[in-house]
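>
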Amino acid sequence: MMITTSLRHQAKYSLKGPLLLAFFWGVNVALVAAQEVEDQVSEIVSEATEERIEQVMEDFLADIESRLSEDALRIQTDHWLVMAEADVFEQLAQEGYLFDRVSELSGLGFLLAEVAAPASFDLSATRAGIYEVIGGQQADVDLNHLYTAGVPDPQNDEQPLVGLAPRELLPPPTDLSGLSLRIGIIDSSIDQRHSAFSNSSITTQRFVDNDSPPNAHGTAIASIIASNDPQALGLAPSAKIYAAEVFDHNEQQGEFASTVSLIKALSWLMTQDVSVINISLAGPSNRLLETALTRVRERGVLAIAAAGNGGPMAQPMYPAAYPEVVAVTATDDRGRAFRLANRGEYVDIAAPGVNIRHAQAGGGFAASSGT
């Protein structure tokens, strides 16, 4: 066992009594000293280990409490969701199930019901009851989880041009300028008055009940893809953009997108004949969202999602962690992993995501980093 300077110092002064007694009685002083040193060091190490374990446990419990608090803000607890094909809803109606609001998801081939949840609501029991009625897992039952963009605030510093343009960081392997791609974006609203979109083709559909929804993140993402401004030319400036506006905002939860808005957005995009869907947001796993994305993939559309900005030790984030989705993490201009980027086996590819120049809602350009 290695004895540190600190441990040696403590052991030295605690051995005076035992060594004097050993010398008086003619006992082998060296053996006594060695035994006493071992005992003292073991005791000191044990105390230090206990203190460290106690501190680790305190930190661990504090982290759990913090995560539980965050998770509580990621769920709309006043209602629950059911998604299934029309014939399943007919079965449930015959058995007396009543649904407050039912939406047709024509692009996915499902119906989506939102149901008010009483204070005593038990999701597992409700799910089991529905499965028993329909004779199997032909429906998805879950809560209305919330998702965030999670990208750091843009850095402007009042400079005329900040960051690197998308084409500088990620030159397309082929010339995409003349290709009329149909690209879906699920994000916040877009400031289409910005010069970056002066010649862009952008079709929007809103899935939140808000006359003034957030528009910063969606503006940034859309410009990285399809900006026509030479100062920050997008990767595919001739692309036709179909933007689903899913972000809402309130004082308690900040900016967020709900499971309901995401699923409705996916359904709409499937009716717009897009070939790829960009989803730059992250949050908890949800059964309905996974089923919707599975249907999207089955119909030949590729969904690409941000891996998340929780750091190297963060848990997998969704929808990126679903096998039907391509999960993208971020690297800097040297090819190194972005320090806040999520990592893990669910990540499929890495792309430049540090200090990227993009359009800023309200005018001008800024630079941001994230997946």
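Be aware that the sequence shown starts at 2, since it is given in the numbering used here, and climbs by one per residue. Glycine included, C-beta positions come from ideal geometry on N, C-alpha and C.
Specify, as a first and last residue, the run of the beta strand (DSSP E) that A114 falls within.
Locating residue 114 in the sequence shown gives position 113, where the first residue counts as 1. Taken as a continuous stretch (DSSP letters only), the beta strand (DSSP E) holding A114 covers 111 to 117.
> Under 8 Å by Cβ, that's how I've got F248 and S189 pegged, so tell me the actual separation to the nearest angstrom.
On the sequence shown, residue 248 is found 247 positions in, with the first residue counted as 1. On the sequence shown, residue 189 is found 188 positions in, with the first residue counted as 1. Yes, they are in contact, since the Cβ atoms of F248 and S189 sit about 4 Å apart, within 8 Å.
> Going by the CB atoms, is the gap between E246 and T205 shorter than 8 Å?
Counted from its first residue, the sequence shown places residue 205 at position 204. Counted from its first residue, the sequence shown places residue 246 at position 245. Yes, they are a contact pair.
> For A87, which residues from the same chain have a beta carbon less than 7 Å from its beta carbon, with the 5 sequence-adjacent residues on both sides left out?
As a first step, residue 87 must be located in the sequence shown, where it is residue number 86. Within the same chain, A87 has close Cβ partners L112.
> Under a three-way DSSP split, which group does Y132 fall into?
One-based indexing of the sequence shown puts residue 132 at position 131. Here Y132 sits in helix by DSSP.
> Can you check which of these residues, V326, L290, L180, F198, is closest to A411 by C-alpha distance?
A query on residue 411 cannot be resolved here, the shown segment of the chain reaching from 2 to 372 and no further.
> Would you list the residues sitting across from Y148 in a DSSP beta bridge?
What you label residue 148 is simply residue 147 of the sequence shown in a count that begins at 1. Partner(s): A258.
> Among A315, S268, A308, Q273, which has the Cα closest to the Cα of T295?
Reading the sequence shown from its first residue, position 294 is the one you call residue 295. The candidate whose alpha carbon is nearest that of T295 is S268.
> For A237, name the three-state secondary structure that DSSP assigns.
In the sequence shown, residue 237 corresponds to position 236, counting from 1. Coil.
> Please confirm whether D143 has its beta-carbon closer than 8 Å to some beta-carbon of chain D.
The structure shown contains no chain D; it is built from a single protein chain.
> Is the Cβ-Cβ distance between A368 and L282 less than 8 Å?
Numbered from 1 along the sequence shown, position 367 holds the residue referred to as residue 368. Numbered from 1 along the sequence shown, position 281 holds the residue referred to as residue 282. The answer is no: Cβ separation not under 8 Å.
> Alpha carbons only, please: which of L144, G345, D123, I242 is nearest the one belonging to I187?
For this step, residue 187 is matched to residue 186 along the sequence shown. Answer by Cα proximity: I242.
> If we call anything under 8 Å between Cβ atoms a contact, is A307 one with V326?
The sequence position of residue 307 within the sequence shown is 306, counting from 1. The sequence position of residue 326 within the sequence shown is 325, counting from 1. Against a cut-off of 8 Å, the Cβ pair of V326 and A307 comes out as no contact.
> Is the distance from the Cβ of A237 to the Cβ of A223 below 8 Å?
Indexing the sequence shown from 1 puts residue 237 at position 236. Indexing the sequence shown from 1 puts residue 223 at position 222. No, they are not a contact pair.
> Within the continuous alpha helix (DSSP H) that includes V89, where are the two ends?
Your numbering for residue 89 matches position 88 in the sequence shown. 87 to 95 is the span of the alpha helix (DSSP H), which, as asked, contains V89.
> Using a 10 Å radius around the Cβ and a threshold of 16 neighbouring Cβ atoms, would you call L341 buried or exposed?
Residue 341 sits at position 340 when you count from the first residue of the sequence shown. Under this definition L341 is a buried residue.
> Indicate whether T260 and N145 have their beta-carbon atoms separated by less than 8 Å.
As a first step, residue 260 is located in the sequence shown; it is residue number 259 there, counting from the start. As a first step, residue 145 is located in the sequence shown; it is residue number 144 there, counting from the start. Yes, the pair counts as a contact, with Cβ atoms nearer than the cut-off.
> Hey, would you say the C-beta of A217 is under 7 Å away from at least one heavy atom of the ligand ATP?
Absent from the structure shown: the ligand ATP. Ligands present: none.
> On the DSSP bridge list, what partners appear for E375?
Given that the chain is displayed from residue 2 to residue 372, the structure contains no residue 375 and the question cannot be resolved.
> Compare the Cα-Cα distances from S262 to each of V209, P119, L165, F366 and report the closest residue.
Numbered from 1 along the sequence shown, position 261 holds the residue referred to as residue 262. Checked all of V209, P119, L165, F366; the closest Cα to S262 is V209.
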